[in-house]
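Data first, discussion second: the structure below is written as structure tokens.
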Amino acid sequence: MKVRFALVMSLALIALPAWSADAPPSDASIHKLMEVTQAQKMSENIMAQMREVMLRSAKQALGNGNGDLDPKEQEIVTRSVTQLTDLLTKQVAWKELEPSLTDIYKKTFTQKEVDDLTAFYLTPSGKAVIEKMPLVVQQSMAMGESKVKGIVPQLQQINENMVKELTAYRKSKDASKQG
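Residue numbers for the sequence shown, in mature numbering (1 follows the signal peptide of the UniProt record, and there is no 0): -20 to -1, 1 to 159.
Rendered as structure tokens:
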């Protein structure tokens, strides 16, 4: 009996590291990772950048493609984009996001992965990623925006064609129902 108990305990101790490696991460470790990666600051910066992109895009789209708006038009666009981004900011405020993100991290990462990520982001290279990623994102958004800007007339034409085609289809569909 003692031999069997010792054998079972030995096997359990050998298997314990494998079981714990797949264990879900603790809330505390996830919060530490979020703190180290400055997730809240990054979230707030993304919202600020999004506001600027939306403002430029609205001015471009509403200014006949050239961005020229008179002062009153500019005021209206700025006020509307500010209202829109304020609403979005409230919906995706850190205090609203953090619990959901914690759950996502728990479902996605193991405790070991969270510990490894935290350790990485505390290294000089990890700190460089955190520091430089906002610039990478900003430059990527600007590049994407410039790529889209060049095809705005084509996008508008495709949209107009779609609306015309849908309108014609619906009219013919309604006519066939009546007839």
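Cβ coordinates follow ideal geometry from the N, Cα and C atoms, glycine included.
Computed from a predicted structure; not experimentally measured.
Distance between residue 57 and residue 70, taken at the CA atoms: about 20 Å. Excluding five sequence positions before and after residue 34, the CB atoms of its chain that fall closer than 8 Å to its own CB belong to 61, 64, 65, given in chain order. Using a Cβ distance threshold of 8 Å, residue 23 and residue 94 do not count as a contacting pair.
The C-alpha of residue 135 is placed about 43 Å away from the C-alpha of residue 90.
By the criterion of a C-beta distance shorter than 8 Å, residue 39 is surrounded in its chain by 47, 49, 54, 57, once the five residues flanking it on both sides are discounted.
Counting of Cβ neighbours within 10 angstroms places residue 101 among the buried residues, the total reaching 16 or more. Just measuring C-alpha positions, the residue of 41, 113, 5, 29 sitting nearest residue 18 is 113. Of all alpha-carbon atoms in 107, 123, 145, 119, the one lying nearest the alpha-carbon of residue 15 is that of 107.
Selection 36, 75, 41, 52 evaluated against residue 20 yields 75 as nearest (Cα-Cα).
Excluding residues up to 5 positions away in sequence, nothing lies with its Cβ nearer than 6 Å to the Cβ of residue 156 in the same chain. Look at residue 50 here: in three-state DSSP terms it is coil, with no helix or strand label. Nearest neighbour of residue 12 by Cα position, chosen from 115, 98, 81, 118, turns out to be 98. Cβ neighbours of residue 128 within its own chain (closer than 8 Å, five residues either side excluded): 135.
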